Amino acid sequence: MKTTITVNGTARTLDVDSRTTLLDALREHIGLIGSKKGCDHGQCGACTVLVNGARINSCLSLLAMHDGDQVTTIEGLGTAENLHPVQQAFLENDAFQCGYCTPGQICSAVGMLQEAADGWPSQVMEDVAAMVDLSEAEIRERMSGNICRCSAYPQIVAAIRSVAGDAA
Amino acid sequence: MRPFTYERAPDALSAVKAVAENPGAKFLAGGTNLLDLMKLDIERPTHLVDVGRLPFAGVEEVNGGLRIGGAMVNSKLAAHPRVRELYPVLVRALVSGASGQLRNKATTAGNLLQRTRCAYFYDTTKPCNKRQPGSGCSALEGVHGAHDAIFGASKACIATHPSDMAVALTALGASVETLTPTGASRTLAVQDLHRLPGETPHVETDLAPGELITAVLVPPPPEGGQVYRKVRGRASYAHGIASVAVAGGRVALGAVAHKPWRAAHIEDALSSGASPAEAAEAELSKADRNDHNALKITLVGRLAAAAIEESKTRRVA
Chain A
1 MKTTITVNGT
11 ARTLDVDSRT
21 TLLDALREHI
31 GLIGSKKGCD
41 HGQCGACTVL
51 VNGARINSCL
61 SLLAMHDGDQ
71 VTTIEGLGTA
81 ENLHPVQQAF
91 LENDAFQCGY
101 CTPGQICSAV
111 GMLQEAADGW
121 PSQVMEDVAA
131 MVDLSEAEIR
141 ERMSGNICRC
151 SAYPQIVAAI
161 RSVAGDAA
Chain R
1001 MRPFTYERAP
1011 DALSAVKAVA
1021 ENPGAKFLAG
1031 GTNLLDLMKL
1041 DIERPTHLVD
1051 VGRLPFAGVE
1061 EVNGGLRIGG
1071 AMVNSKLAAH
1081 PRVRELYPVL
1091 VRALVSGASG
1101 QLRNKATTAG
1111 NLLQRTRCAY
1121 FYDTTKPCNK
1131 RQPGSGCSAL
1141 EGVHGAHDAI
1151 FGASKACIAT
1161 HPSDMAVALT
1171 ALGASVETLT
1181 PTGASRTLAV
1191 QDLHRLPGET
1201 PHVETDLAPG
1211 ELITAVLVPP
1221 PPEGGQVYRK
1231 VRGRASYAHG
1241 IASVAVAGGR
1251 VALGAVAHKP
1261 WRAAHIEDAL
1271 SSGASPAEAA
1281 EAELSKADRN
1291 DHNALKITLV
1301 GRLAAAAIEE
1311 SKTRRVA
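For the record, the sequence lines run as chains A and R.
The numbering used here numbers the first residue of the first sequence as 1 and each following residue consecutively.
The numbering used here numbers the first residue of the second sequence as 1001 and each following residue consecutively.
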C-alpha cells in the first residue's frame, strides 16, 4: 500500500507491504540506517525517532499509520560539520562506548527536552502539577525507555544535563 | 507478522461497522501493544482498522468533570493542565506506566484494552487459556507468584490486568463511553468494563464485537487526597507487582486481578473508622492464598495502608 511521509524534510512515497514498520521503512526502503533495530519490541529505545516532534519507538508503529507525518531521524538532527547540541554534548561527555544505542538516545533526549520545556510531568516529581526541574533523577526517569548495554548512563545523563543547563 | 489488510477509518461509525462485520478485524490506535503481540504471533488479526486519527483526542470539561477522548495519547493526557490540577492520581498513574516513547503513542482507550503481561501468555510454547482457549493455564503450576492475581482468579486463568491508568480511573469512579455497531452510544463504569476470567479468560471485556471506546468520563474530583503508588522490580519502565490508587475515600488496587480491583472492603472499613492497616487487612484477608503468593498479599496490604496514610497529607484537588 502507498504511504507518503516526510523524512528529514524530504517527502518520500513508498508502496510496500502493510506489515512494514516505520523502522523498517526508514532502514530497508529509504536507506537511513542510523535508527537501530535493537529488540524490535519497544523495550530498548534504539529505534527512537521523532514524529511530528514527538519521540516514539519506530519499531512499534506501522508505516501506514504515518501517512502525511513529519519524521526526524538521527540523520536529520545535525551534520558532521554542524552537530545538533545534543550530539555535541554526547561527544564532549563521552556518552557512548559501542554507539549502537546512541541514535535512539539522542533522538529520545531531543524529544524529552522539549517535553520537559513544555512542563510535562514525571513520576519522580513530588507534585505532578509543579514546574519541571531537570535534575539527574528526572533525566534518568524520563530516559528510562532507552537502554545502554555498555552502561554509559552517567555520561548520558551528564550530556543531557549540560544541554538542559544551557537552555535554561 | 502474518499478512493483514489495513484501512484508515474515515469516521467512527465506519470503523465500528468494519470491525463488527469482520471476525478477523481489530481496531488499531497507538499500536504499542497490538503490534508487539502480532510480531510474537499472539494476536493474529487479518484486517486492521486504524482509528488513531478519529477526532477523539481532546479533553473537555463536562459537569465539573472531564471527558477524555479515547484516542488521546497517555503523555498528553498526563500533561493536560486541568488533569494535573484536579486529578493528580491519574497523572501519577499515567506517568508510572511504560516509557516516554510509548506514552507518546499509547491511547486512553488502548491503555484500557491492553492485554496481560503474564509470562505464559507471551510464551507461545506453553498452554494458555487466554491465548488458546481450552489449552490450560501454565501459570497455575508456575512460580510467578509476584505477578499473579490474588483476587477473582479462576482455575482457568490467574493473569492480571497490567494498566496503571485503569486503576486510577477506577478509584475516581470513571466510566467509558462507547459507540456500538448499531450506531448507539452507551456508557459503562471502568470497574465494570473488564470481566473476571471464569471459564473464558480470552473474553476480557463486556464490549460487543466492533464496539469502540470513544471517551472516558471522569466525575468531579472527590473530597480528600489523591495518591498512586506502585511497586515493581525496577524503578522505572516495568509493570507493577502491585499498585494502589486512592482518591478521597475510594481505593483501587492494580496488578492483583484480571481487572482493576475496586477495594470495597477497604472503603467500607475506612468509612467505619478503621485505621489504614485495619482497612487493608479487611481486603487482603479475602485474598486467594496459595504456596506462591504470601509475599504479594503482605506487600499489597502494606502498600495499601501506606497509600491511604499518605492520602491524608496529599494535596486535595
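Even glycine gets a Cβ: it sits at the ideal position worked out from N, Cα and C.
Given the structure is predicted, the values throughout are model-derived calculations rather than measurements.
Tell whether a beta-carbon distance below 9 Å holds between residue i and residue j.
| i | j | result |
| --- | --- | --- |
| V7 (chain A) | I30 (chain A) | yes |
| C107 (chain A) | R55 (chain A) | yes |
| L1090 (chain R) | Y1228 (chain R) | yes |
| P1010 (chain R) | S18 (chain A) | no |
| R1186 (chain R) | K1259 (chain R) | no |
| Y1006 (chain R) | Q1226 (chain R) | no |
| V1073 (chain R) | A1106 (chain R) | yes |
| G1301 (chain R) | A1277 (chain R) | yes |
| H1239 (chain R) | P1162 (chain R) | yes |
| E141 (chain A) | V128 (chain A) | no |
| G78 (chain A) | Q87 (chain A) | yes |
| L1217 (chain R) | S1175 (chain R) | yes |
| L1102 (chain R) | N57 (chain A) | yes |
| A11 (chain A) | T20 (chain A) | no |
| A117 (chain A) | A158 (chain A) | no |
| E1283 (chain R) | L1303 (chain R) | no |
| G1070 (chain R) | T1108 (chain R) | yes |
| L1188 (chain R) | Y1122 (chain R) | no |
| A1307 (chain R) | A1245 (chain R) | yes |
Between residue i and residue j, which are expected to be in contact by the criterion C-beta below 8 Å, what is the C-beta distance as a whole number of angstroms?
| i | j | result |
| --- | --- | --- |
| A89 (chain A) | M143 (chain A) | Not confirmed; about 13 Å, so no contact. |
| G1100 (chain R) | E115 (chain A) | 7 Å |
| I1150 (chain R) | I1297 (chain R) | 6 Å |
| N1111 (chain R) | M1165 (chain R) | 5 Å |
| N93 (chain A) | S35 (chain A) | The Cβ separation is near 22 Å, so there is no contact. |
| V1167 (chain R) | S1243 (chain R) | 6 Å |
| I156 (chain A) | C150 (chain A) | With 8 Å as the limit, I156 (chain A) and C150 (chain A) do not qualify as a contact, their Cβ atoms being about 10 Å apart. |
| L1172 (chain R) | A1247 (chain R) | 5 Å |
| H66 (chain A) | V51 (chain A) | 6 Å |
| A1018 (chain R) | L1054 (chain R) | Contact doesn't hold; Cβ gap of about 12 Å is too wide. |
| G111 (chain A) | C47 (chain A) | With 8 Å as the limit, G111 (chain A) and C47 (chain A) do not qualify as a contact, their Cβ atoms being about 13 Å apart. |
| G1058 (chain R) | L1295 (chain R) | Incorrect: roughly 43 Å between the Cβ atoms, too far for contact. |
| L23 (chain A) | K2 (chain A) | About 19 Å separates the two Cβ atoms, so there is no contact after all. |
| A1156 (chain R) | P1219 (chain R) | About 34 Å separates the two Cβ atoms, so there is no contact after all. |
| N1033 (chain R) | R1115 (chain R) | 6 Å |
For a test of the three-state rule: what should DSSP assign to residue i, helix, strand or coil?
| i | result |
| --- | --- |
| G111 (chain A) | helix |
| S1243 (chain R) | strand |
| C59 (chain A) | helix |
| V1048 (chain R) | This sequence places Leu at residue 1048 (chain R); Val is not what is there. L1048 (chain R) falls in the strand class under three-state DSSP. |
| I1158 (chain R) | coil |
| F1027 (chain R) | strand |
| E1060 (chain R) | strand |
| Q1226 (chain R) | strand |
| R1117 (chain R) | coil |
| A54 (chain A) | strand |
| S1285 (chain R) | coil |
| L26 (chain A) | helix |
| Y1237 (chain R) | coil |
| H1147 (chain R) | helix |
| Y1122 (chain R) | helix |
| T1108 (chain R) | helix |
| G165 (chain A) | helix |
| D985 (chain R) | Residue 985 (chain R) falls outside the range modelled here, since chain R spans only 1001 to 1317, and no answer is possible. |
| S1185 (chain R) | strand |
| Y1006 (chain R) | strand |
| I147 (chain A) | coil |
| I1213 (chain R) | strand |
| R12 (chain A) | strand |
At a cut-off of 8 Å, is residue i close to the ligand MN when judged by its beta-carbon and the heavy atoms of the ligand?
| i | result |
| --- | --- |
| Y1228 (chain R) | No copy of the ligand MN appears in this structure; indeed no ligand is present at all. |
Interfacial residues, the stretch 44-62 of chain A to chain R, with Cβ spacing under 7 Å: G45, T48, A54, R55, I56, N57, L60, S61 and L62
Cβ contact check for the stretch 1229-1241 of chain R and the stretch 1135-1143 of chain R: 3 or more pairs under 8 Å: With a cut-off of 8 Å, the stretch 1135-1143 of chain R and the stretch 1229-1241 of chain R do not count as touching, because too few Cβ pairs lie within range.
Quick one, which residues of the stretch 109-133 of chain A are near chain R if we go by CB-CB under 8 Å, in chain order? G111, M112, E115, D118, G119, W120, P121, S122, Q123, D127, V128 and A129
What residues in the stretch 1073-1091 of chain R bring their beta carbon closer than 7 Å to a beta carbon of chain A? S1075, A1078, A1079, R1084, E1085, P1088 and V1091
Do the stretch 1145-1163 of chain R and the stretch 1240-1260 of chain R make contact, defined as three or more Cβ pairs closer than 8 Å? yes
Below 8 Å between beta carbons is the criterion; list the residues of the stretch 64-84 of chain A that meet it against any residue of chain R, in chain order. Using a CB distance below 8 Å, the part of the stretch 64-84 of chain A facing chain R consists of A64, M65 and D67, ordered along the chain.
Take every Cβ of the stretch 1024-1031 of chain R, pair it with every Cβ of the stretch 126-134 of chain A, and state whether three or more of those distances are shorter than 8 Å. no
Stretch pair the stretch 1168-1181 of chain R + the stretch 1196-1212 of chain R: three plus CB contacts closer than 8 Å: They touch, by the three-pair rule.
Please name the residues in the stretch 11-42 of chain A whose beta-carbon is closer than 9 Å to at least one beta-carbon of chain R, in chain order. D17, S18, R19, T21, D40, H41 and G42
In chain order, what residues of the stretch 1219-1240 of chain R put their CB closer than 7 Å to some CB of chain A? S1236 and Y1237
Chain A contacts made by the stretch 1100-1125 of chain R, where a contact means CB separation under 8 Å: G1100, Q1101, L1102, N1104 and K1105: these are the residues of the stretch 1100-1125 of chain R whose beta carbon lies less than 8 Å from some beta carbon of chain A, given in chain order.
Interface residues of the stretch 1272-1303 of chain R facing chain A [CB-CB below 7 Å]: none
Short-range partners of chain A found in the stretch 1044-1058 of chain R, where Cβ spacing is below 7 Å: D1050 and G1052
By the 8 Å beta-carbon criterion, what residues does the stretch 150-162 of chain A contribute toward chain R? none
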